[in-house]
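Residue numbers (this note's numbering): 313 to 422.
All residues carry an ideal CB built from backbone N, CA and C; glycine is no exception.
Everything numeric in this text was worked out from a predicted model, so none of it was measured.
Here the structure comes first, spelled out in structure tokens, and everything after it is commentary.
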Amino acid sequence: MGVTHPFHPLFGQQLPCVGRRANRHGPRLLIQSLDGAVWSIPPQWTDLTSEDPEVGMGGGQALLRFTDLIELANLVEMFRAKRSCQHKMPRKDKYAAIVKQTTPHGGQNG
Numbered sequence: 313m314g315v316t317h318p319f320h321p322l323f324g325q326q327l328p329c330v331g332r333r334a335n336r337h338g339p340r341l342l343i344q345s346l347d348g349a350v351w352s353i354p355p356q357w358t359d360l361t362s363e364d365p366e367v368g369m370g371g372g373q374a375l376l377r378f379t380d381l382i383e384l385a386n387l388v389e390m391f392r393a394k395r396s397c398q399h400k401m402p403r404k405d406k407y408a409a410i411v412k413q414t415t416p417h418g419g420q421n422g
């Protein structure tokens, strides 16, 4: 089985499929690389599935399908919202000074 996803580290290699499983993202194939490591990849990233019509119509020009771009935009928005939420968390004044007062210094007892 060949890995066809252009950004995967095993791209272009013909490797054995050693198992199948499913997770919340859908079906996965377990492939074994030459160094013995087992990788879990979606079947769409291999030559076991037919080419996606959107990719075929793009003539190799498009790196992502429209649905992939929407999923990426949603993921970026989720991380952006999470990050802005973390910046709004209240912080204690002079936190570093409080830590300095309560942390023992280099072998001193006190």
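Nearest-angstrom Cβ-Cβ length linking residue i and residue j, presumed shorter than 8 angstroms
i           : j           : result
residue 346 : residue 313 : Incorrect: roughly 14 angstroms between the Cβ atoms, too far for contact.
Pick from the options that is closest to residue i, judged by C-alpha positions
i           : options               : result
residue 342 : 329, 370 and 335      : 329
residue 325 : 385, 387, 356 and 315 : 315
residue 331 : 371, 353, 379 and 389 : 353
residue 327 : 336, 375, 358 and 391 : 358
residue 322 : 338, 348 and 337      : 348
As assigned by DSSP and simplified to three states, the class of residue i
i           : result
residue 349 : coil
residue 316 : coil
residue 374 : coil
Start-to-end residues for the beta strand (DSSP E) that takes in residue i
i           : result
residue 356 : Here residue 356 belongs to no beta strand (DSSP E), and DSSP marks it neither H nor E.
residue 340 : 338 to 344
residue 331 : 329 to 335
Sequence-distant residues of its chain with Cβ nearer than 6 angstroms to residue i (five each side left out)
i           : result
residue 333 : 340
Neighbourhood of residue i by C-beta, 7 angstroms cutoff - its chain only, sequence neighbours within 5 removed
i           : result
residue 355 : 339, 341 and 361
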